[in-house]
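Here's the structure, in structure tokens; my notes come after.
Protein chains: 2
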Amino acid sequence: MDAADQIRDANRAWAEAHFAGSAPRTPARHLVVVTCMDSRIDVFGAFGLTNGQAHIVRNAGGLITEDVLRSIALSQRKLGTVDVVIVQHTDCGMHHFDDPAFRRELAEQTGVAPHWDVVGFDDVDASVRRQVQAVAESPWLAAAGGVAGFVYDVDTGLLRQVEVIANPT
Amino acid sequence: MDAADQIRDANRAWAEAHFAGSAPRTPARHLVVVTCMDSRIDVFGAFGLTNGQAHIVRNAGGLITEDVLRSIALSQRKLGTVDVVIVQHTDCGMHHFDDPAFRRELAEQTGVAPHWDVVGFDDVDASVRRQVQAVAESPWLAAAGGVAGFVYDVDTGLLRQVEVIANPT
Numbered sequence: 025m026d027a028a029d030q031i032r033d034a035n036r037a038w039a040e041a042h043f044a045g046s047a048p049r050t051p052a053r054h055l056v057v058v059t060c061m062d063s064r065i066d067v068f069g070a071f072g073l074t075n076g077q078a079h080i081v082r083n084a085g086g087l088i089t090e091d092v093l094r095s096i097a098l099s100q101r102k103l104g105t106v107d108v109v110i111v112q113h114t115d116c117g118m119h120h121f122d123d124p125a126f127r128r129e130l131a132e133q134t135g136v137a138p139h140w141d142v143v144g145f146d147d148v149d150a151s152v153r154r155q156v157q158a159v160a161e162s163p164w165l166a167a168a169g170g171v172a173g174f175v176y177d178v179d180t181g182l183l184r185q186v187e188v189i190a191n192p193t
Numbered sequence: 025m026d027a028a029d030q031i032r033d034a035n036r037a038w039a040e041a042h043f044a045g046s047a048p049r050t051p052a053r054h055l056v057v058v059t060c061m062d063s064r065i066d067v068f069g070a071f072g073l074t075n076g077q078a079h080i081v082r083n084a085g086g087l088i089t090e091d092v093l094r095s096i097a098l099s100q101r102k103l104g105t106v107d108v109v110i111v112q113h114t115d116c117g118m119h120h121f122d123d124p125a126f127r128r129e130l131a132e133q134t135g136v137a138p139h140w141d142v143v144g145f146d147d148v149d150a151s152v153r154r155q156v157q158a159v160a161e162s163p164w165l166a167a168a169g170g171v172a173g174f175v176y177d178v179d180t181g182l183l184r185q186v187e188v189i190a191n192p193t
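Protein sequence lines correspond, in order, to chains A and B.
Positions 25 to 193 (my numbering) are the ones given, in order, by the first sequence.
Positions 25 to 193 (my numbering) are the ones given, in order, by the second sequence.
In structure tokens form, the structure reads like this:
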């Protein structure tokens, strides 16, 4: 499998030349970053993170699903993080995406219907605000932290801040 | 909110000096990487990826939940990816983690019970094999691709291959 071989070979060279060394399990910046799986987001580079600083959660869209809340809850309650930064982006595959049609397609083609209910969005700024709100309102998350929302421009590499709730309590 | 300010400032400097330029929405390597949210995994660096090459999905554990299957299904069926590489790691917070107890704790402390059912693991190699199997067996995913599983050592920066299914069909 070429993809596995490529990753293994690149990793060996990187570990020899660039591995930063051990770091504790609890993130040094007490931060969770939630963003999209999009291939054009170099999280460490673009957001200025280094080894051991922040948990990074990614899915299709950078949307606050229950699995993302599970990850943030575990991060805050068991691994000492406080703040949450959510980053959606321009030219996203979930932009104008018809998820109910996608679920019907999967059910018809495979005979197995998905349980998820994750809608796309038509306005990325409004979507970022909804995700920030979903985190700020989740009963499972710590009330002490701030929640911020950004849009990342995949054509300039720049973040634009959309929403900040300094303290959701 | 300091965390948001830090990321915004670091991003501005990075975009000016290091932004790689635009890339297409469809990943050039036709690859999805699934890994843990752990703060010690520099995905681009450690796995030799650059801008626009692979979708990257991350949650607590690097576990194949339905939200991860949603992301991979969308990636394969709408954005042209084929192969899946799953990377769990040493010293993971989901290692020996009692998720049923965590769910009870959340339900008792907040009055709202989680719906998820994502168990921890006692043997990371066995867990990687289970995740590879879950992807290989999902009816929603394309049969043509390979699925590989690795363990990343957070103290050496090295990947160790645990499982490869070159073609799940």
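We put the beta carbon where it would ideally sit given N, CA and C, even for glycine.
Following the continuous alpha helix (DSSP H) through residue i, name the residue where it begins and the one where it ends.
i: residue 67(A); result: 67-70
i: residue 73(A); result: It is not in any alpha helix (DSSP H) - residue 73(A) carries neither H nor E in the DSSP assignment.
i: residue 28(B); result: 26-42
i: residue 149(A); result: 148-161
i: residue 174(B); result: Element bounds for residue 174(B): not the alpha helix (DSSP H) but the beta strand (DSSP E), 171-176.
i: residue 130(B); result: 123-134
Enumerate in chain order the residues of its own chain whose CB-to-CB distance from residue i is below 7 Å, with the five nearest sequence positions on each side excluded.
i: residue 186(A); result: 149, 152, 153, 173, 174 and 175
i: residue 122(B); result: 144
i: residue 54(B); result: 104, 105, 106 and 107
i: residue 67(B); result: 57, 59, 73 and 80
i: residue 99(A); result: 56, 79 and 105
i: residue 136(B); result: none
i: residue 117(A); result: 84
i: residue 47(B); result: 75 and 76
Alpha carbon to alpha carbon, what distance is there between residue j and residue i?
i: residue 33(A); j: residue 182(A); result: 31 Å
i: residue 147(B); j: residue 88(B); result: 16 Å
i: residue 51(A); j: residue 78(A); result: 5 Å
i: residue 124(B); j: residue 124(A); result: 31 Å
i: residue 110(A); j: residue 36(A); result: 32 Å
i: residue 180(A); j: residue 80(A); result: 22 Å
i: residue 134(A); j: residue 63(B); result: 36 Å
i: residue 188(B); j: residue 169(B); result: 11 Å
i: residue 70(A); j: residue 112(B); result: 24 Å
i: residue 31(A); j: residue 132(B); result: 43 Å
i: residue 165(A); j: residue 140(B); result: 15 Å
i: residue 114(A); j: residue 39(B); result: 15 Å
Can you name the start and end residues of the beta strand (DSSP E) that residue i belongs to?
i: residue 94(A); result: No beta strand (DSSP E) holds residue 94(A); the alpha helix (DSSP H) holding it covers 90-103.
i: residue 78(B); result: 78-83
i: residue 47(A); result: Taken as a continuous stretch (DSSP letters only), residue 47(A) belongs to no beta strand (DSSP E), as it is neither H nor E.
i: residue 184(B); result: 183-189
i: residue 107(A); result: 107-113
Please list, in chain order, all residues of the same chain as residue i whose beta carbon is under 6 Å from its beta carbon, the five residues on each side excluded.
i: residue 138(A); result: 127 and 130
i: residue 44(A); result: 75
i: residue 190(A); result: 170
Excluding the 5 residues preceding and the 5 following residue i in the sequence, name in chain order all residues of the same chain whose CB lies nearer than 8 Å to its CB.
i: residue 49(A); result: 103
query = Using 8 Å as the Cβ pair cut-off and three pairs as the minimum, do the stretch 82-100 of chain B and the stretch 158-170 of chain B touch?
reply = yes
request  = Residues of the stretch 69-81 of chain B with a CB closer than 7 Å to any CB of chain A: list them in chain order, please.
outcome  = 69, 70, 71, 72, 75, 76, 77, 78, 79, 80 and 81
query = Any residues in the stretch 137-158 of chain B with a beta carbon nearer than 8 Å to a beta carbon of chain A? Which ones, in chain order?
reply = Flagged, chain order: 138, 139, 140 and 142.
key: Contact set between the stretch 157-174 of chain B and chain A, restricted to residues whose Cβ is under 7 Å from the partner   = Those would be 163, 164, 170 and 172, in chain order.
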